[in-house]
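In what follows, a structure is listed as structure tokens, so that the remarks can point back to it.
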Amino acid sequence: MKSQSRPGSLRIAELGFLAVYVVANVYPFLWMVSTSFKTREQSYLDNGLIPSPITGDAYATVASAINLPQAVANSVLYSGMTLACVLLIYPMAGFVLALIPFRGSNTVFAALVSGLLVPVIVLLVPIVILVQEAHLLNTWLGLLLPTVVAAGPVPLFLMRNYFALLPRDLLDAARIDGANFFGAFRRIYLPLSVPALTTVSILTLVYVWNSYILPSLIISNPDMATLPLALFSLNTSGHPAPSELMAGGLLVILPLIVAFLFLQRYYVAGLTAGATKQ
Amino acid sequence: MLAPAILIFLAVQVFPMAFSAGLSLFRWDGLSDPRFIGLDNYLGFLADDSILRGLFLQSLGNNIKLAIFVTLGVVVISIPLAVAMNTVGKRTRGLVRTSLLLPMVTAGIAVFYAWTALLGSDGPVVTLFKLLHIDLLAPNGGWLSDPVLALPGLIAVMIWSGVPYATLLYLSGLQSIDGTLYEAAAIDGAGPWRQLVSITLPLLNPITLIVVVLNLVYAMQSYEMIYLITNGGPSYSTNTVGLLSYNLAFGTIGGGSAQFGTAAAVTWTVTVGMALGYVSARLVAHARRERSLR
Amino acid sequence: MLSIAALVIGTGLVLAGCTTPTGNGADASGKLTIWTFKKEWVPGLEAAGAAYSEKNGGDVTVDVEYFDEANGLYSSKVTAAARGDELPDLLTSYGSQWDYVGGNLYQQLNGKLDDTLANFPSALVDSFVKFNDSTQATCASNPDCTYGDVKIGDYYTLPQISGATGYFYANKDQLEAAGVDPNVAPASWEDLIADVQKTHDALGDAGGAVIPLKIPETGWLWLLRPTLFTQIGAQATADLFADKTGESWKDPAVIRSLAIYDDLSPYWIPSVLQDGIEEADQEFVSGQATWYYGGTFSLAGLVQKGMDPSKLLVFPMPVAAGGELSKLTLRPWASGSIGISKDAKNADLALDFLKFYMSEPGAQAFASKVADTPAVTLPASDSDQSPLTPATAASFGDGEDAYDEFVSYGPTCDAAKTLNNQASVALTGLVTGEQTPESLAGVLADLYQKSWAACE
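Protein chains in written order, with the numbering used here: chain A, 1 to 278; chain B, 279 to 572; chain C, 573 to 1028.
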């Protein structure tokens, strides 16, 4: 109904804007893809968009330098566990902080998101010391805990704000029906928050999937190397050309893109659920 | 229900934060025993006679420019983008949404290479401005080697990587706006522009708040991308406080041993400053709301 | 969604429990671990390790772990491991080994490797391996220095590489293409500039020069300081940096040195301010620059990136007319100090490995994989293929007039920690055109005056 009443000129302006944006957005990515198919020599010399000849050498080099299946499996495990923890912990916390008033709730919120304000760089050394003292170096748990905390503030922030936008009456109604807070959260609010949960999932996955510094400090066992860590071994086994760096970079994010195309279905479904909530 | 978040926070976050805050009162090279020196680390870059002071202020200035322009750019681009995406057909929207993924998933060294090539001396940006004969925007060494254009170049990169998140947030906000509001407005004779200004934008305010906060934080503490792309140069034109603490903590060539204490002090000064800024903004907003209620 | 989450976490925790922690050090006897921050050395260390293993009938394995110093990874790793007693058997020091000694990271080697010391040039042993008067004096002048208790003559590490900074590399093919004789090094700075101008005229940007100015210290430490040294002489250089008023920076001879540095400004390749060491290497190897400035240590990276060493003309920085010194003499220094860590689980084995690695067969195994000059003295026949040989033969030396990159000029206290960086960045102002030699002299005078004041 919205688009029917719009004049044609506005529509053209909209489409034009979208087209310009998409081009600006995709160009660097196209450049990466094209560079990854260049020869070593061309990737050094020519910054243009056309590889000539087109070659898969860079991918072959990367694939032979790292144990790709294992690195993907490790990355999936690491990201999956972190995402699960984030989804388990922070929507619940956001719900409480948004909808259940209690003394000091603002202070608790501020403390929990304070990590946002402190750059990781000054926390690295103490985090590693902490993990080391707990004898958790080179364990998934030792990697998971600091990652969840580092990834946590943004999800908490988003979930709290999202829940604050949802009507409170639903909570009161559920309480009258005899549900406890957790019941109301699980049966009513959680289903309504699918769009926010999807956004949180995307943000968290991107963060964890690409995260390099923290894992490289905690994990030194090559069998546990995630994709970015494994890719780094390219660096030690020679001097990667831009073509190889781009091929490696694309291999790292390919699984993520596939996962997102899959997640989009939820995303769209969630949006419809949100629209019919009234 | 709040317990898991609090527990994991207490277990993992409190110690590193306290450690680093405490460190700002010590001299520590990371190797020998830390030595308590009170506020010397803070005086080291805040005092009048310090050579660090100018660098700190310049870096802070760059941070503030980054924060303002990146946040502004992200908001100004992503709102129309989300609105346009919301009104076009399903297939176009799917296409745009997929393209949004790309900057979000690309990270680290790949971004560095791609943008160095794009903004470089033979990249499309410089070529375009050369064709248009705007020599000012077509420096011989590319944008990132130019003391005037390096910061704008960096801002462009950060906007590029920040817009997709913001657009997704706005899009989810737009979808949650009740359609009947528009129907009612259309019956009252409001055109699309009027609907946008008086219904859509006000309802997006809470999301703008999130976008602004996240981008401010991102711009204030980003150092990794800057480290990779310009390393603060040329002539400190892209140096930031994060990069300064990094250099203090891990040292540069010929710069002597590491100073984790000063690095922590620099960081905490900015962090506390931002927290105070946030609290005072909250207080002002609160006071204004009280007044308008009365 | 919750139940899925719980399931994934459950599985994760089980997996986490199954993964037994493995320490960084060597737990099993017969296994040694080395940490290094320099990727070019990894294949060499691995080759030395393999040769050692072979010598011992395969009972010993040597693992080389490399951590990039970008993002502070190597330093963080060492800091955390030192506190948790998790250092590897053999540790390479990033920066001065004496900082690591001051942090008690190394075991003292006095008396344990005295025979091995004979494998190094004695000047190197006196100035880099053993704690000496001048190192002690530098430490004593800095209240924050942590290794004041070390005794003269003590040693904790051995050097892996010896060499110096101060060399131009030129691509012979490109010299020839521009009509410059590819086999004769320019005799003076003026000749060099004339040649660079020729290649630049003939080849455009690709005829220019490159130095990794994204790390601005390279311009300052590698190129300007030796220029000053040859222009105003050893004593005046020391006096210049020691002048607490900073006024000496405005001296005409100093401004002349800045102007000499500025001679190259038109000829740097356009991306020079954006090039780190990796990128500068790549530009040169791929023919996008004809001239490259660095040190003996640069060759390994260039060769590993595909440069044919026989295509290289290497020569020490030539000296401009009218200066105090007629040529640049470089005192070789040692880099990559390696020692046995305090946490070594296998200290005896580590000691035995060091003996092997720092003798002819070990050093040769290293040199076979890395185009660099091991600190161990090797028979001449092994290094005469290197394009570095004529350049180092013409420039290595000792004595008053030899330039020593490791002398720390200027204030060294913590308050002056960013001084080098700020001076280096100011110097890039010549390249961007923001500074002239005269205005730069004023900036430097101010920086040095303030730094000395802050250190008082």
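C-beta: ideal position from N, C-alpha, C; glycine also.
This one's a predicted model, so the numbers in the text were calculated from it and none came from an experiment.
- The C-beta of C/K822 has fewer than 16 other C-beta atoms within 10 Å across all chains shown, which makes the residue exposed.
- Taking 8 Å as the CB threshold, A/V200 stays off the interface with chain C.
- Contacts with chain A (Cβ-Cβ distance below 9 Å) from the region 641 to 653 of chain C involve N643, G644, L645, S647, S648, K649, T651, A652 and A653, listed in chain order.
- Interface residue (Cβ-Cβ distance to chain C less than 8 Å): A/I176 is not classified as such.
- Of the residues A/V194, A/V149, A/Y212 and A/F185, the one whose Cα lies closest to the Cα of A/L171 is A/F185.
- Around B/S523, the same chain offers A541, V544 and T545 as residues with beta carbons nearer than 7 Å, after the five sequence neighbours per side are excluded.
- Within its own chain, the residues whose Cβ lies closer than 6 Å to the Cβ of C/G720, once the five positions on either side in sequence are excluded, are C711, listed in chain order.
- By the Cβ-count criterion, C/A922 is buried, with 16 or more other Cβ atoms from all chains shown falling within 10 Å of its own Cβ.
- For C/L730, the closest of C/D716, C/N714 and C/F700 by C-alpha to C-alpha distance is C/F700.
- Bounds of the alpha helix (DSSP H) holding A/S9 are G8 to S36.
- C/L950 sits in coil when the DSSP states are folded into three classes, being neither helix nor strand.
- When C-alpha distances from B/V519 are compared across B/F314, B/S377 and B/K343, the shortest belongs to B/K343.
- For C/F740, the enclosing beta strand (DSSP E) stretches over residues T737 to N743.
- Residue pairing by DSSP places C/I910 opposite C/T664 and C/L730 in a beta bridge.
- Contact between C/Y833 and C/L795 holds, since their C-beta atoms are separated by about 6 Å, short of 8 Å.
- Residue state for C/T710 is assigned as helix, using DSSP reduced to three classes.
- As DSSP reads the structure, C/T799 sits in no beta bridge.
- Comparing alpha-carbon positions, the option among B/V354, B/V361 and B/A289 lying closest to B/T478 turns out to be B/V361.
- Spatial neighbours of C/T771 in its own chain (CB-CB distance under 7 Å, excluding positions within 5 residues in sequence) are listed in chain order as Q746, L747, A750, V752, G779 and T862.
- For C/S858, a Cβ of chain A is located within less than 8 Å of the residue's own Cβ.
- Chain C places no beta carbon closer than 8 Å to that of B/I412, leaving this residue out of the contacts.
- Neighbours of A/Y44 in chain C, taken as residues at a C-beta separation under 7 Å, are given in chain order as Q854 and S858.
- Collapsing the DSSP output to three states places C/D635 in a strand.
- Listed as beta-bridge partners of C/K603 by DSSP are C/T633.
- Here DSSP, grouped into helix, strand and coil, assigns B/W546 to helix.
- C/P959 carries a coil assignment under DSSP once its states are collapsed to helix, strand and coil.
- By the criterion of a C-beta distance shorter than 6 Å, A/M246 is surrounded in its chain by M32, T35 and S36, once the five residues flanking it on both sides are discounted.
- Nearest CB-CB separation between A/N25 and chain B: below the 8 Å threshold.
- By the criterion of at least three beta-carbon pairs nearer than 8 Å, the region 325 to 332 of chain B is in contact with the region 979 to 990 of chain C.
- Within the DSSP bridge table, the entry for A/Y90 names no partner.
- Nearest neighbour of C/L604 by Cα position, chosen from C/F978, C/Q936, C/F925 and C/S967, turns out to be C/F925.
- Within chain A, no C-beta atom comes nearer than 9 Å to that of C/E932; the closest sits roughly 27 Å away.
- Each of C/F639, C/E612 and C/G982 was checked against the Cα of A/S220, and the nearest Cα belongs to C/F639.
- B/M363 and B/V352 do not touch by the CB rule: their CB atoms are close to 15 Å apart, not below 8 Å.
- Within chain C, the residues whose beta carbon sits less than 9 Å from that of B/T394 are S843, Q846 and E851, listed in sequence order.
- A/N74 sits away from A/T204, with the two beta carbons spaced by 8 Å or more.
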